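In UniProt numbering, the protein residues as written are 1 to 240. No residue lacks a Cβ here, since even glycine has one placed at the ideal position from N, Cα and C. Here the structure is a predicted model, which is why all the values come from computation and not from measurement. Below is one structure, written out as structure tokens; comments come after it.
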């Protein structure tokens with residue numbers, strides 16, 4: 001059922017926007033399952049499902065996050081993907097705070113693009129691989145993409161995780177994309193230091209300050225260009 005024009009259809013339970021909001025926020029209700037529609041109608045493919053829940057992560061990070069968990073990436077040889085995005089709160093006209101009640105649509109369609117890249121071009125994301133989001137993403141042109149990694153010592157007690165193997169994606173700023181290309185592990189550890197969470201946080205924060213600035217960006221851009229040229233020279237596939 002397509003309850004919200006901007007979101008994919010819901011395949012379980014809620015039959016109205018109010019019921020959808022309640023199901024997403026109810027801690028004892030199962031995750032809401034959204035079905036991603038193929039961009040090429042009539043093409044025979046397995047369906048990509050995205051399970052979404054609004055989680056109160058009070059065990060360690062004390063943040064309220066949207067949890068996106070894919071089901072179906074494995075059909076295109078891609079590890080399942082988990083994204084935890086902190087719920088956004090906006091100030092209303094009455095000087096009060098209004099929490100985001102529905103999951104942001106951009107995450108769904110970015111996951112679909114990863115699925116279609118793997119299916120149509122056989123480009124899969126691996127551990128410490130990254131994606132790039134062109135233009136405005138999640139309401140800002142400063143968001144640059146995602147860096148994907150395996151969980152290690154992070155707390156996952158309250159997370160609805162898929163069967164392994166899976167990857168967790170953390171949102172990057174545009175200044176951080178060159179680092180994701182050349183020094184992804186250093187970038188993860190720098191994010192961990194920024195949020196005081198070892199080795200790196202599982203959650204993403206929108207419109208945060210970049211952990212690397214313009215000087216580092218220039219140097220790493222040069223290294224990224226050298227790395228790319230080396231891949232072409234040696235004939236290796238540089239897709240991460």
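At which residues does the beta strand (DSSP E) containing residue i begin and terminate?
{"i": "residue 188", "result": "Run containing residue 188: none in the beta strand (DSSP E); it sits in the alpha helix (DSSP H), 184-195."}
{"i": "residue 66", "result": "63-71"}
{"i": "residue 56", "result": "48-57"}
{"i": "residue 173", "result": "166-173"}
Buried or exposed: residue i, going by 16 or more other Cβ atoms within 10 Å of its Cβ?
{"i": "residue 28", "result": "exposed"}
{"i": "residue 198", "result": "exposed"}
{"i": "residue 207", "result": "exposed"}
{"i": "residue 118", "result": "buried"}
{"i": "residue 213", "result": "exposed"}
{"i": "residue 204", "result": "buried"}
{"i": "residue 17", "result": "exposed"}
{"i": "residue 1", "result": "exposed"}
{"i": "residue 294", "result": "Outside the displayed range of the chain (1 to 240) lies residue 294, so it cannot be described from this structure."}
{"i": "residue 181", "result": "buried"}
Taking the continuous alpha helix (DSSP H) assigned at residue i, which residues delimit it?
{"i": "residue 116", "result": "105-121"}
{"i": "residue 17", "result": "17-25"}
Work out the CA separation of residue j and residue i for me, nearest whole Å.
{"i": "residue 111", "j": "residue 67", "result": "13 Å"}
{"i": "residue 155", "j": "residue 139", "result": "29 Å"}
{"i": "residue 120", "j": "residue 79", "result": "16 Å"}
{"i": "residue 135", "j": "residue 107", "result": "14 Å"}
{"i": "residue 56", "j": "residue 85", "result": "12 Å"}
{"i": "residue 173", "j": "residue 186", "result": "15 Å"}
{"i": "residue 251", "j": "residue 105", "result": "Residue 251 is absent from the model: the chain starts at 1 and stops at 240."}
{"i": "residue 31", "j": "residue 159", "result": "11 Å"}
{"i": "residue 72", "j": "residue 47", "result": "6 Å"}
{"i": "residue 77", "j": "residue 61", "result": "32 Å"}
{"i": "residue 194", "j": "residue 19", "result": "37 Å"}
{"i": "residue 9", "j": "residue 168", "result": "24 Å"}
{"i": "residue 157", "j": "residue 116", "result": "31 Å"}
{"i": "residue 211", "j": "residue 132", "result": "17 Å"}
{"i": "residue 22", "j": "residue 122", "result": "38 Å"}
{"i": "residue 26", "j": "residue 15", "result": "16 Å"}
Based on the DSSP output, what are the partners of residue i in its beta bridges?
{"i": "residue 244", "result": "Examination of residue 244 is not possible in this model, given that the chain is present from 1 through 240 alone."}
{"i": "residue 148", "result": "169"}
{"i": "residue 33", "result": "51"}
{"i": "residue 137", "result": "140"}
{"i": "residue 132", "result": "145"}
Could you have a look at residue i and say whether DSSP puts it in helix, strand or coil?
{"i": "residue 83", "result": "strand"}
{"i": "residue 11", "result": "coil"}
{"i": "residue 180", "result": "helix"}
{"i": "residue 2", "result": "coil"}
{"i": "residue 156", "result": "coil"}
{"i": "residue 205", "result": "coil"}
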